[in-house]
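Note sheet for the following structure.
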Amino acid sequence: MPELPEVQTVVDTLKPRTLGQRIVSVLLNRSDVLTPHGFDLSGHLISRTVAAIDRRGKRIIFTLDNGNRFYIHLGMSGRLTIESPQTDLLKHTHLILEFKTFQIRFKDPRRFGGIWWLGSEEFADAKMGPEPLLIRPQQLAACLAKTRRPIKNALLDQTVIAGLGNIYVDESLFAAGIHPLTLANDISAEKVAQLTRAIKQTLRKALRHGGSTLRDYFDANGDAGKFQKLHAVYHRTAKKCRRCDSLIERIVLGGRSTHFCPSCQPH
DNA sequence: GTCCATGTTCTTTA
DNA sequence: CTAAAGAACATGGA
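If you're matching positions, the first sequence starts at 1396 in my numbering and goes up one per residue.
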């Protein structure tokens, strides 16, 4: 759901309103969405200004003027929006960051997302794979050579590459002409290079269209993405392939629905 | 009422 | 021991 293009779009739409602004008050409606549990979040946020907002994988990292950091993960159904203080509070609004003239609200019905306080320590991303938009083909090849899982499962693993989810793995594999069941360590160097290009092209195109809105995703201004209209395979089961006349197929891999064109992505 | 959607973590299996 | 597969989580919509 929110994957790299959606998370980046949220960051891009948050920044113009938020950077340099001072946090006036903090309301945490559910303490269990915060890690570490029981941490005095408002005590550390009030009167601080937001110095930077960045993305790493699917995480939205806030840096304060004193160097402290925290990040928000949108999980499956999380939304971060800029709201007027007068706007009615929606159900499942877990956190409100109040600024002088507006609020940032974090709403997440399914609560797979949350807020993680990092403090001043070096960002703990040791377990995260490289950024898809920066990854080099040899880097991806080295990682894939070490695992015998189907490529679909490997690309969903955030320690292999950080930021892809179910939509963009399916779309990238289609763009690269690779069947999702292909074993990761069976893919030639040439094909991995093609896959690297396909991932970058797919993500950049999705970014240009503000990400994909299936149901829950909206950017910080409340606007939906448009890339779902251009999906080649995701959620297009039994529809005609856009490149040939075959019908898109759906299988389940790693407990996730997986869509592909049997002709364009031969096994 | 049942089933399905999915990102991540935890548990079980091989 | 490690790698991989599977279950669990939570809620709303079909």
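Don't be surprised by glycine CBs; every beta carbon is placed ideally from N, CA and C.
- Task: Give a single yes or no on whether Gly1572 has its beta carbon closer than 6 angstroms to a heavy atom of the ligand MG.
- Result: Although the ligand MG was asked about, the structure shown includes no ligands whatsoever.
- Item | Classification of Thr1608 by the beta-carbon crowding that lies within 10 angstroms, buried from 16 upward | buried
- Task: Entirely within the segment 1462–1522 and at least 3 residues each: give me those beta strand (DSSP E) ranges in chain order.
- Result: 1464–1468, 1474–1478, 1488–1493, 1498–1502, 1509–1514
- Name the DSSP beta bridge partners of Ala1447, please? Thr1458
- Query: Which residue comes first and which comes last in the beta strand (DSSP E) that contains His1664?
  - Reply: The structure shown does not extend to residue 1664, since the chain is modelled only from 1396 to 1662, so the question has no answer here.
- Task: Assuming Leu1528 and Leu1440 form a contact by the criterion Cβ under 8 angstroms, report the distance between their Cβ atoms to the nearest whole angstrom.
- Result: Incorrect: roughly 30 angstroms between the Cβ atoms, too far for contact.
- Task: Determine, using beta-carbon pairs with one atom in the segment 1505–1518 and one in the segment 1534–1541, whether at least three such pairs fall under 8 angstroms.
- Result: no
- Message: Does Glu1398 come out as helix, strand or coil in the three-state DSSP assignment?
- Response: coil
- Item | Contact under 7 angstroms by Cβ, Thr1664 with Ala1579 | Given that the chain is displayed from residue 1396 to residue 1662, the structure contains no residue 1664 and the question cannot be resolved.
- So, Arg1474 versus Phe1613, is the Cβ gap smaller than 7 angstroms? Cβ distance < 7 angstroms, so Arg1474 and Phe1613 count as in contact.
- Who are Arg1645's beta bridge partners in DSSP? In DSSP, Arg1645 forms a bridge with His1654.
- Query: From what residue to what residue does the beta strand (DSSP E) around Val1374 run?
  - Reply: Residue 1374 is absent from the structure shown; the chain starts at 1396 and stops at 1662.
- Message: Would you call the segment 1542–1551 in contact with the segment 1496–1504, where contact means no fewer than 3 C-beta pairs closer than 8 angstroms?
- Response: no
- Arg1638 to Phe1434, Cα distance in whole Å? 52 angstroms
- Query: Any idea what DSSP makes of Lys1453, helix, strand or coil?
  - Reply: coil
- If we call anything under 7 angstroms between Cβ atoms a contact, is Met1601 one with Phe1569? Strictly speaking, residue 1601 in this sequence is Ala, with Met absent from that position. No.
- Kindly give me the distance between the Cβ atoms of His1604 and Gln1660, rounded to whole angstroms, as I take these residues to be in contact under 8 angstroms. Rounded, the Cβ-Cβ distance is 23 angstroms, inconsistent with contact.
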